[in-house]
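>
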Amino acid sequence: MKHALFFAALASLAVSVIAVAAPGTPVKTGEPEYVDAINQWRDSVEKSLRRDNGWLTLAGRFIMKPGLNTFGTAPTNDIVFPAELKGTGPEVIGSITVDAANKSVTLKLAEGVSMTSSGKPFTGERTLKYDSANRDWVSLGRISMHIIERDGRYVLRLADNESMVRKNFPGRVWYDINPAFKVNAKFVPYPPGKKLSIVNVIDEVSEEPCPGYVEFRLKGRKYKMDVVGEDEGMFFVMRDGTSGDTTYRPSRFLYVDKKPKPNETFQLDFNKTYNPPCAFSEFTTCPLPPEQNILKTRIEAGEKYRKLG
13 MKHALFFAAL
23 ASLAVSVIAV
33 AAPGTPVKTG
43 EPEYVDAINQ
53 WRDSVEKSLR
63 RDNGWLTLAG
73 RFIMKPGLNT
83 FGTAPTNDIV
93 FPAELKGTGP
103 EVIGSITVDA
113 ANKSVTLKLA
123 EGVSMTSSGK
133 PFTGERTLKY
143 DSANRDWVSL
153 GRISMHIIER
163 DGRYVLRLAD
173 NESMVRKNFP
183 GRVWYDINPA
193 FKVNAKFVPY
203 PPGKKLSIVN
213 VIDEVSEEPC
223 PGYVEFRLKG
233 RKYKMDVVGE
243 DEGMFFVMRD
253 GTSGDTTYRP
263 SRFLYVDKKP
273 KPNETFQLDF
283 NKTYNPPCAF
293 SEFTTCPLPP
303 EQNILKTRIE
313 AGEKYRKLG
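Per my numbering, residue 13 is the first one in the sequence shown, and the count goes up by one each step.
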């Protein structure tokens, strides 16, 4: 698997969608233009989370075996969809064949079954693309699904756009906007080829590119954080003194959409820290922070955590 693409996809969740109102967004401190900009950003990540096939809709994560995998709600299937999806298509919707040697995944629908891809109906057999940049979503009524690959294992990820988690989601919760957590920082590159060992919430380990680190001062102390993955911006997986208290225990994310030049000063804004997908869904596997990104201070800014259910 190309893990760098996975981390880029996680980072893009914070910057890819623009503007609907988020419930309960506080506007209390700071310059009006700055507060407006942060609130617009919060609106965008709220909309991204609530969208069709978003993290709130996930209803299953099924590791497939090599060869044929039947799927649907019938208990005789290799992949058994949740009972609440009964009636969405036949009990055996079709099968997925995993050919690991040739790195191919083929969907074959049962006779009489039609699904859609990009809004266009199809029947019969088709190859499913599973790379992060060009992934096929296929849909039947309220359900959608796609394939992901993790270290040679092929996983069917199922979404239910009428899930109760999505319907009952009360909205993200945030700290008050505080300009004191917008700090000057400097990007320091590492020698080319440096990697970080990143562990996820189910103890899988991946080696990720680490192009450099940022250093900054906060509350009179100096800190450093490593960049995880490599694209045109900078992605951070972090934890701080609020983790497990007012914020999500495993980690929070922060993304800077443009990587500065080496040793160039830029603004690092912790008011834009946000929760990883696993804060909202049990069917995701999020990365944990490298040691240098566990900050021994309280970052009382950005997204808080409210347990769902």
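Where is the CB? At the ideal position from N, CA and C, for every residue including glycine.
As the structure is a computational prediction, the values presented were derived from the model and not from experiment.
For E303, which of helix, strand or coil comes out of DSSP?
The residue labelled residue 303 in the question sits at position 291 within the sequence shown. E303: helix per DSSP, three-state reduction.
> Using three-state DSSP, classify T297 as helix, strand or coil.
For this step, residue 297 is matched to residue 285 along the sequence shown. Coil.
> How big is the Cα-Cα spacing for Y267 and D64?
Stepping through the sequence shown from its first residue, residue 267 is reached at position 255. Stepping through the sequence shown from its first residue, residue 64 is reached at position 52. Looking at the two C-alpha atoms, the distance is approximately 23 angstroms.
> Can you find the residues in the same chain that come closer than 8 angstroms, C-beta to C-beta, to S263, ignoring five residues on each side of it along the sequence?
Looking up residue 263 in the sequence shown gives position 251. So the qualifying residues of the chain are V249, M250, R251, S255, P288, C298, P299, L300, P301.
> Short of 7 angstroms in beta carbon distance, which residues of its chain neighbour I155, apart from the five on each side in sequence? Order them along the chain.
Against the sequence shown, residue 155 aligns to sequence position 143. Answer for I155: L97, T100, L170, A171, D172, listed in chain order.
> Taking DSSP's pairing of strands, which residues face Y235 in a bridge?
The residue you call residue 235 lines up with position 223 of the sequence shown. Beta-bridge pairing links Y235 to F228.
> Do the CB positions of S116 and T139 come within less than 9 angstroms of each other?
Reading the sequence shown from its first residue, position 104 is the one you call residue 116. Reading the sequence shown from its first residue, position 127 is the one you call residue 139. Against a cut-off of 9 angstroms, the Cβ pair of T139 and S116 comes out as a contact.
> Could you name the residues that DSSP lists as bridge partners for S129?
As a position in the sequence shown, residue 129 is number 117, starting the count at 1. Paired residue(s): K132.
> I think I311 touches F282, with their Cβ atoms under 8 angstroms apart; what is that distance to the nearest whole Å?
As a working mapping, residue 311 is identified with position 299 in the sequence shown. As a working mapping, residue 282 is identified with position 270 in the sequence shown. Their Cβ separation, rounded to whole angstroms, is 5 angstroms, which keeps I311 and F282 in contact under 8 angstroms.
> Report yes if the CB atom of R62 is closer than 9 angstroms to the CB atom of L68, and no otherwise.
Taking the sequence shown and counting its residues from 1, the one referred to as residue 62 is at position 50. Taking the sequence shown and counting its residues from 1, the one referred to as residue 68 is at position 56. Cβ distance < 9 angstroms, so R62 and L68 count as in contact.
> Kindly list the residues whose CB is nearer than 8 angstroms to the CB of V125, restricted to its own chain and excluding five residues on each side of it in sequence; keep chain order.
By 1-based counting over the sequence shown, the position of residue 125 is 113. The residues are G101, P102, I105, G106, T135, L152.
> Where does the unbroken beta strand (DSSP E) through P102 begin, and where does it stop?
As a first step, residue 102 must be located in the sequence shown, where it is residue number 90. Note, P102: premise wrong, no beta strand (DSSP E); not H, not E.
> In this structure, how does DSSP classify A33 when only helix, strand and coil are distinguished?
By one-based count along the sequence shown, residue 33 stands at place 21. Caution applies to A33, whose pLDDT of 29 falls short of 50 and renders its modelled position unreliable; the value that the coordinates give is listed next. Three-state DSSP puts A33 in coil, outside helix and strand.
> Select from E220, Y187, Y235 the residue whose C-alpha is nearest the C-alpha of N196.
Walking along the sequence shown from the start, residue 196 turns up at place 184. Nearest option by C-alpha distance: Y235.
> Does DSSP put V150 in a helix, a strand or coil?
Walking along the sequence shown from the start, residue 150 turns up at place 138. Here V150 sits in strand by DSSP.
> Taking a contact to mean a Cβ-Cβ separation below 9 angstroms, would you say Y46 touches P191 in this structure?
Within the sequence shown, the letter at position 34 stands for residue 46. Within the sequence shown, the letter at position 179 stands for residue 191. Going by C-beta atoms, Y46 is nearer than 9 angstroms to P191.
> Taking the straight line between their C-alpha atoms, what separation do you get for R147 and T82?
In the sequence shown, counting from the first residue as 1, residue 147 sits at position 135. In the sequence shown, counting from the first residue as 1, residue 82 sits at position 70. Approximately 21 angstroms between the Cα atoms of the pair.
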